[in-house]
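Residue numbers (our numbering): 144 to 627.
Even for Gly, the Cβ is constructed at its ideal location relative to N, Cα and C.
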RNA sequence: GGCGGCAUAGCCAAGUGGCUAAGGCAGCGGUCUGCAAAACCGUUAUUCUCCGGUUCAAAUCCGGAUGCCGCCUCCA
């Protein structure tokens with residue numbers, strides 16, 4: 144099966160061929176470490192985590208690089224406000240970032256370079272650009288001469304003249320308003336490094352060119368990031384990298400869509416953001432992942448509590464099936480007769496990984512892939528619901544194995560089903576200020592009433608709990624509960 | 001102002017020329033159940049924002065309108 148990837152530059156789905164047989168290099172723009180991450184960052188992280196997992200599941204040896212910007216105006220501002228060093232600020236928020244990512248089940252990249260570790264590479268890159276007359280020093284700064292790079296605008300689909308007409312002048316040091324800083328002379332109290340142009344620090348765009356080249360080479364397979372980075376950040380990266388090397392730098396550009404809140408982009412500047420950790424207090428990390436993966440990575444997603452709750456219900460459906468599967472395979476279904484349903488289910492399960500992989504190969508269509516998953520859920524439930532145990536232990540085991548295998552690619556279903564469902568109940572109960580022990584006490588009372596066939600009493604307790612949002616489910620020998 | 005994207009059921013969301021327009025959530029009817037819930041079965045868009053056009057054939061391609069969003073300043 145051939146993998147197709149939508150390339151931002153060509154605006155088409157293209158068949159993906161790694162540069163080197165069996166190996167894939169992927170670079171994703173990470174965060175500027177000056178604050179905790181919000182759900183927008185979570186989307187980018189989860190999307191590229193799943194992309195990387197899928198590439199690996201295809202047998203490729205993936206080198207995944209995601210950087211940290213650890214020197215930047217915002218970091219400097221914050222350090223100043225908090226009367227501490229930029230190193231401390233960056234260190235702190237890198238740690239917070241790593242904590243959030245771990246909680247989200249995002250696998251660590253192969254390399255997580257920090258900008259300040261590649262200053263010599265950046266200085267060399269600037270030197271090459273100046274030598275090629277693509278950059279010019281000016282009073283301790285160095286600027287990229289955008290007009291001298293012929294391909295400028297090829298990623299974002301803009302042309303220089305149009306941009307020039309709308310550009311505003313933000314510095315009189317630049318020859319053209321579109322030129323951007325490769326190196327900034329350090330001002331009083333700012334961090335600096337020695338360079339041929341004096342003490343200063345690197346421009347933001349330069350960092351990614353230097354780091355991607357250092358870890359992945361002049362030309363590499365995939366470069367990713369949020370769609371807000373297309374212009375100017377990624378356009379400038381192309382100008383820098385390709386200007387310096389004369390080679391194509393990135394073969395496939397991949398950009399994820401935004402997380403929105405009430406139809407507006409979630410962002411720091413709008414102030415309409417939710418931090419990852421706040422959301423994870425209210426929802427299981429897999430619910431957040433599932434929510435994000437239910438839409439295609441290039442579409443915008445609208446973030447809301449009700450949307451998360453819908454995702455939560457969907458996850459409960461799958462985990463309930465997985466739990467039933469476990470209960471069943473440990474129980475009397477083990478030596479079942481091989482009925483028609485059994486064969487049907489087995490066939491569907493055999494083809495599920497293929498259908499899943501095909502969806503993923505079609506530009507990482509997780510939404511469709513998840514649809515296939517639910518088809519299988521219904522079938523497995525149907526097989527288990529038949530009166531007689533018509534599903535053989537082999538099929539049950541296969542079902543479990545298949546779901547866990549697919550879960551490895553999506554980063555879902557990693558929990559023990561029973562544990563997941565219990566933690567969901569407990570979390571939801573806590574949100575509503577309900578005590579689990581009290582609920583279970585009432586359920587025990589009701590169970591006693593039911594045994595005595597005191598139905599009125601039993602229903603009274605059930606209604607009382609239902610008013611609080613606690614829904615009961617009577618099993619053969621126990622009553623479980625969930626929250627609406 | 002320049003450039004670009006999106007519009008599919010009550011809500012979310014796949015599908016980008018031709019089989020019955022996936023799937024989830026919510027709802028309704030049934031099976032099951034002491035009654036429920038869950039699960040299962042059935043059902044919920046003769047139609048894909050609107051108006052034209054191309055085609056034997058369009059949600060899918062083209063033109064126009066309307067609405068929403070993004071980038072052009074830092075931003076995943």
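Test item: CB-CB of residue i and residue j under 9 angstroms
i, j, result
"residue 356", "residue 268", "yes"
"residue 327", "residue 343", "yes"
"residue 210", "residue 180", "no"
"residue 296", "residue 303", "yes"
"residue 527", "residue 467", "yes"
"residue 423", "residue 454", "no"
"residue 219", "residue 229", "yes"
"residue 547", "residue 189", "no"
"residue 334", "residue 214", "yes"
"residue 369", "residue 536", "no"
"residue 626", "residue 567", "yes"
"residue 286", "residue 325", "yes"
"residue 169", "residue 363", "yes"
"residue 216", "residue 167", "no"
"residue 427", "residue 458", "yes"
Which residues DSSP lists as bridging residue i, in chain order
i, result
"residue 281", "284"
"residue 365", "169, 395"
"residue 326", "285, 345"
"residue 614", "625"
"residue 545", "According to DSSP, residue 545 bridges with nothing at all."
"residue 157", "148"
"residue 257", "211"
"residue 402", "444"
"residue 408", "403"
"residue 336", "343"
"residue 505", "147"
"residue 562", "DSSP lists no partner for residue 562."
"residue 175", "212"
"residue 181", "418"
For residue i, three-class secondary structure by DSSP
i, result
"residue 598", "helix"
"residue 607", "helix"
"residue 498", "helix"
"residue 374", "helix"
"residue 205", "strand"
"residue 163", "strand"
"residue 477", "Any reading at residue 477 must be qualified, since the residue scores a pLDDT of 44, below 50, and its modelled position is unreliable; the value itself is stated next. Three-state DSSP puts residue 477 in coil, outside helix and strand."
"residue 227", "coil"
"residue 557", "coil"
For residue i, the nearest candidate out of the options (CA to CA)
i, options, result
"residue 361", "502, 372, 375, 386", "386"
"residue 202", "592, 616, 552", "552"
"residue 150", "583, 247, 505", "505"
"residue 429", "177, 593, 169, 193", "193"
"residue 257", "212, 250, 270", "212"
"residue 279", "191, 383, 591", "383"
"residue 416", "485, 463, 184", "184"
"residue 448", "404, 166, 489", "404"
"residue 421", "225, 623, 243", "243"
"residue 198", "165, 300, 493", "165"
"residue 377", "347, 406, 400", "347"
Contiguous alpha helix (DSSP H) assignments of at least 4 residues, all confined to the stretch 413–467: 419–425, 428–436
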